[in-house]
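If you read the sequences in order, they're chains A and B. Per my numbering, residue 944 is the first one in the first sequence, and the count goes up by one each step. Per my numbering, residue 45 is the first one in the second sequence, and the count goes up by one each step. We put the beta carbon where it would ideally sit given N, CA and C, even for glycine. Notes follow the structure.
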Amino acid sequence: MRRFLSAAGFFALLILLWQWAFQAKIWSPVLLPSPLQVVNYLKGAIEDGTLGHATVTTMRRLLTGYVIGFVGGLPLGLLTARWNLLRDTIGTISLGLQTLPSVCWVPLALLWFGQTEAAMLFVVVMGTLWSVVIATETGVRNVPPIYRRAALTMGSKGLHIWLRVILPAALPFIVSGMKQGWAFAWRSLMAAEIFVTILTGFGLGQLLHYGRELNAMEQVIAIMLVIVVIGLLADKIFFSPIEKFLHRRWGTSQ
Amino acid sequence: MFRHKTGSVTEELQVIAPSKLALEEVSKSFQTITGTVLALDRISLQVNEGEFVCIVGPSGCGKTTLLNIIAGLEMPDSGNVLAGGKPVTGPGRDRLVMFQESALFPWLNVFGNVLFPLKLKPQLTNKDRRDVAKYYLELVDLTRFERFNIHELSGGMKQRVALARSLAPNPRVLLMDEPFGALDALTREQFYGDLQRIWKERKKTIVFVTHNVREAACLGDRVLLFSPHPGRIQEEFVIDLPRPRDINTADLVGYSSKIMRSLKSFNAERPETRA
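Here it is in structure tokens:
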């Protein structure tokens, strides 16, 4: 409770500071709207459905691409860890492409797929896939060999060893790869939405873009806030519990 | 078509006949940066049904390699290994290994670890598996800790879980690779009593590798002294003492100093070996 109160106090102070900067007219009101203007924009956008629609559109693109990237990346990572031939080929490609900032896929996606949902999906998949491949491969290679030997003597082999021993043993690595993949996908999707207007749906990035076009600073700031909140929620609702579970089981937390 | 579950808990928990082990002229060498090392040089060895054999020797004398070969985790370059009359061609549930580090799975809790090998027995129902796991956790006196995570256990408790896990599939042979090496003296002594009790109750053939001579004399019906480079059985001691044995009795100390003298003598003859 005490921690909550001090955190709440901190954010209240931040908003007060913002309000003061607005009233002191340090910058033009066109460049720095008041907190109230931002809240009013959010209220309007929620009421007329713009915000809800944009959020759903963006999350649909993100989740679809993320799931495809993860479902493809996990087995690919396992396979590259299993066979050296795949490691030298697919593994090398993955490592190279993982270092490529995922926003660099946007021009290629546009030329290949045009201004379509497929282009968006492609960018998100590319952001996720390589991180998951690399993390899975590293995770599997870091599994202590004694786990495998112990499992072998207990009668586990083949697919059973992969699913029941190697995969769970590599889980801490895989989860950090999932987290990185998520971050990459989220960033590249925003870039893609800002650059590309497609008629099948306006995402948050597009709202941000039109905020700039219309010089509507309260819209720009409001959408940025929404994007921040989504990022925070993803961490708190999805990744944090998994990481807490891993820390508790493995005993790696402080 | 449903699979007919033929097993039952009572059947699963029955004391089964331990296996005889036979090694015939087993050799194994390794490539290292300094050349080829003959880890095992034509080792022949018989371990009788239900016998407790300890193998002692300095580090690097090939005793762990021998254990791995019996386990089927490594293959010999030449020679034969028979377990219960059948040639060993790979790892098998009839010969379970307890490793120096516990090798417990950190993603499973204590109960889950003991359950792991039982889940590989399709003839058991889930209830049977849980009952069997509970039985073995009680045997090693860990019932109260079944919901604990592995990292929450002490070193001694981890090895108890490892022992329960290797006993759970009811193997005929138990292979133990310095299982108490990392434990403190007090915990170790408690284990000597427990292991002798469990061995008597469950009737296993045990091959126990250690570099602790006293420990070997305390536990083994026979103690085999290994010498390194090349790995050979140097000498054999039959420990003719009643059980359960206490490691601190004078008779036992007599045996262990006899073994120690032999160990020192061949180390002195071969000054180049690392003791």
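Whole-Å CB distance - residue i paired with residue j, under 8 Å assumed
i, j, result
"Asp-265 (chain B)", "Ile-283 (chain B)", "6 Å"
"Leu-207 (chain B)", "Met-142 (chain B)", "6 Å"
"Trp-1193 (chain A)", "Pro-223 (chain B)", "Their Cβ separation, rounded to whole angstroms, is 23 Å, which puts Trp-1193 (chain A) and Pro-223 (chain B) out of contact at 8 Å."
"Val-176 (chain B)", "Leu-164 (chain B)", "Not confirmed; about 12 Å, so no contact."
"Val-158 (chain B)", "Tyr-180 (chain B)", "6 Å"
"Val-1139 (chain A)", "Ala-1062 (chain A)", "7 Å"
"Arg-241 (chain B)", "Pro-288 (chain B)", "7 Å"
"Leu-1064 (chain A)", "Thr-1000 (chain A)", "Not a contact, Cβ separation roughly 12 Å."
"Val-97 (chain B)", "Val-251 (chain B)", "5 Å"
"Thr-372 (chain B)", "Glu-95 (chain B)", "Any property of residue 372 (chain B) remains undetermined from this structure, which presents chain B solely from 45 to 319."
6 Å CB neighbourhood of residue i in its chain, flanking five on each side removed
i, result
"Arg-86 (chain B)", "Glu-69, Ser-71"
"Gly-1148 (chain A)", "Met-1133, Glu-1136, Ile-1137"
"Arg-204 (chain B)", "Val-184, Leu-186"
"Lys-1122 (chain A)", "Phe-1182"
"Leu-1150 (chain A)", "Ala-997, Ile-1166"
"Leu-1040 (chain A)", "Trp-1073"
"Leu-1104 (chain A)", "For the sequence presented, residue 1104 (chain A) should be read as Ile rather than Leu. These residues qualify, in order along the chain: Ala-1094."
"Asn-1085 (chain A)", "none"
"Gly-129 (chain B)", "none"
Residues near residue i in its chain [Cβ-Cβ closer than 8 Å; skip 5 each side]
i, result
"Arg-1030 (chain A)", "Thr-1023, Ala-1024, Glu-1080"
"Thr-80 (chain B)", "Ser-73, Phe-74"
"Leu-307 (chain B)", "Val-100, Gly-101, Pro-102, Val-257, Leu-269"
"Thr-1059 (chain A)", "Ile-1141, Thr-1143"
"Pro-215 (chain B)", "Arg-137, Asp-138, Arg-139, Leu-140, Lys-248"
"Ser-949 (chain A)", "none"
"Ile-1185 (chain A)", "Val-1118"
"Ser-52 (chain B)", "Asp-172"
"Phe-965 (chain A)", "Pro-972, Leu-975, Pro-976, Ser-977, Pro-978"
"Gly-156 (chain B)", "Phe-149"
"Pro-135 (chain B)", "Ala-115, Gly-116, Leu-117"
Residue nearest to residue i in terms of C-alpha spacing, selected from the options
i, options, result
"Val-297 (chain B)", "B:Pro-286, B:Arg-276, B:Cys-262", "B:Cys-262"
"Ala-1165 (chain A)", "A:Ala-967, A:Thr-1032, A:Thr-993, A:Thr-1059", "A:Thr-993"
"Val-1075 (chain A)", "A:Gly-995, A:Val-1172, A:Val-1014, A:Met-944", "A:Val-1014"
"Ala-1078 (chain A)", "A:Ile-1180, A:Met-1002, A:Ser-1037", "A:Ser-1037"
"Asp-228 (chain B)", "B:Trp-243, B:Ser-198, B:Gln-278, B:Leu-211", "B:Ser-198"
"Ile-1033 (chain A)", "A:Val-1108, A:Gly-1020, A:Thr-1001, A:Trp-1048", "A:Gly-1020"
"Ala-226 (chain B)", "B:Ile-242, B:Ala-61, B:Gly-200", "B:Gly-200"
"Gly-237 (chain B)", "B:Ser-300, B:Glu-259, B:Val-217, B:Met-220", "B:Glu-259"
"Arg-174 (chain B)", "B:Arg-289, B:Pro-213, B:Leu-111", "B:Pro-213"
"Thr-1195 (chain A)", "B:Met-220, B:Ile-277, B:Glu-196, B:Gln-278", "B:Glu-196"
"Val-1066 (chain A)", "A:Gly-1082, A:Trp-1055, A:Arg-1084, A:Ser-1045", "A:Ser-1045"
"Asp-11 (chain B)", "B:Gln-144, B:Thr-169, B:Gly-104", "Because chain B spans 45 through 319 in this model, residue 11 (chain B) falls outside it and cannot be assessed."
"Pro-166 (chain B)", "A:Arg-1084, A:Arg-1004, A:Gly-1146, A:Gly-1098", "A:Gly-1098"
"Arg-209 (chain B)", "B:Ile-277, B:Ser-309, B:Ala-147, B:Leu-84", "B:Ala-147"
"Pro-272 (chain B)", "B:Ile-77, B:Ala-83, B:Thr-76", "B:Ala-83"
"Leu-1017 (chain A)", "A:Gly-1120, A:Gly-1146, A:Leu-956", "A:Gly-1120"
"Val-217 (chain B)", "B:Phe-192, B:Lys-178, B:Pro-62", "B:Pro-62"
"Val-1083 (chain A)", "A:Trp-1026, A:Phe-953, A:Arg-1003", "A:Trp-1026"
Cβ neighbours of residue i in the same chain (closer than 7 Å, five flanking residues each side left out)
i, result
"Leu-152 (chain B)", "Phe-160"
"Gln-962 (chain A)", "Ser-977, Pro-978"
"Glu-233 (chain B)", "Ile-291"
"Leu-285 (chain B)", "Asp-295, Leu-296"
"Lys-107 (chain B)", "Ile-99, Gly-101, Val-253, Phe-270"
"Ser-88 (chain B)", "Leu-67, Glu-68, Glu-69"
"Asn-92 (chain B)", "Lys-64"
"Met-45 (chain B)", "Unreliable positioning characterises Met-45 (chain B) in this predicted model, as indicated by a pLDDT of 42, which lies under 50. A coordinate reading is not provided."
"Gly-995 (chain A)", "Ile-989"
Exposure label - residue i; buried when at least 16 CB within 10 Å
i, result
"Pro-1087 (chain A)", "exposed"
"Leu-1106 (chain A)", "exposed"
"Val-1010 (chain A)", "exposed"
"Ala-294 (chain B)", "exposed"
"Glu-56 (chain B)", "buried"
"Thr-998 (chain A)", "buried"
"Lys-244 (chain B)", "exposed"
"Glu-190 (chain B)", "buried"
"Ser-1109 (chain A)", "In the sequence on display, residue 1109 (chain A) carries Ile and not Ser. When all chains shown are included, Ile-1109 (chain A) counts as buried."
"Leu-211 (chain B)", "buried"
"Leu-1175 (chain A)", "exposed"
"Asp-991 (chain A)", "exposed"
"Gln-1197 (chain A)", "Low per-residue confidence applies at Gln-1197 (chain A): pLDDT is 49, beneath 50, and the placement is therefore not dependable enough to give any value."
"Ser-122 (chain B)", "exposed"
"Arg-305 (chain B)", "exposed"
Near the ligand PLP: residue i beta-carbon under 7 Å from a heavy atom
i, result
"Thr-80 (chain B)", "Only the bare structure without any ligand can be found here, which leaves the ligand PLP out of the picture."
Requested in this report: Determine, using beta-carbon pairs with one atom in the region 1060-1072 of chain A and one in the region 1124-1131 of chain A, whether at least three such pairs fall under 8 Å.
Outcome: Between the region 1060-1072 of chain A and the region 1124-1131 of chain A there are three or more C-beta pairs closer than 8 Å, enough to call the two in contact.
Sufficient close CB pairs (3 or more, under 8 Å) joining the region 969-989 of chain A to the region 1153-1168 of chain A: Remark: three or more beta-carbon pairs, one from each stretch, lie closer than 8 Å, so the region 969-989 of chain A and the region 1153-1168 of chain A are flagged as touching.
Mind the definition here: the region 1112-1121 of chain A touches the region 1176-1190 of chain A only if three or more C-beta pairs lie below 8 Å; say whether that holds. Per the Cβ contact rule, the region 1112-1121 of chain A is in contact with the region 1176-1190 of chain A (3 or more Cβ pairs under 8 Å).
Does the region 1165-1179 of chain A come close enough to the region 979-990 of chain A that 3 or more CB-CB pairs lie under 8 Å?
In the pairwise beta carbon analysis, the region 979-990 of chain A is classified as touching the region 1165-1179 of chain A: at least three pairs are separated by under 8 Å.
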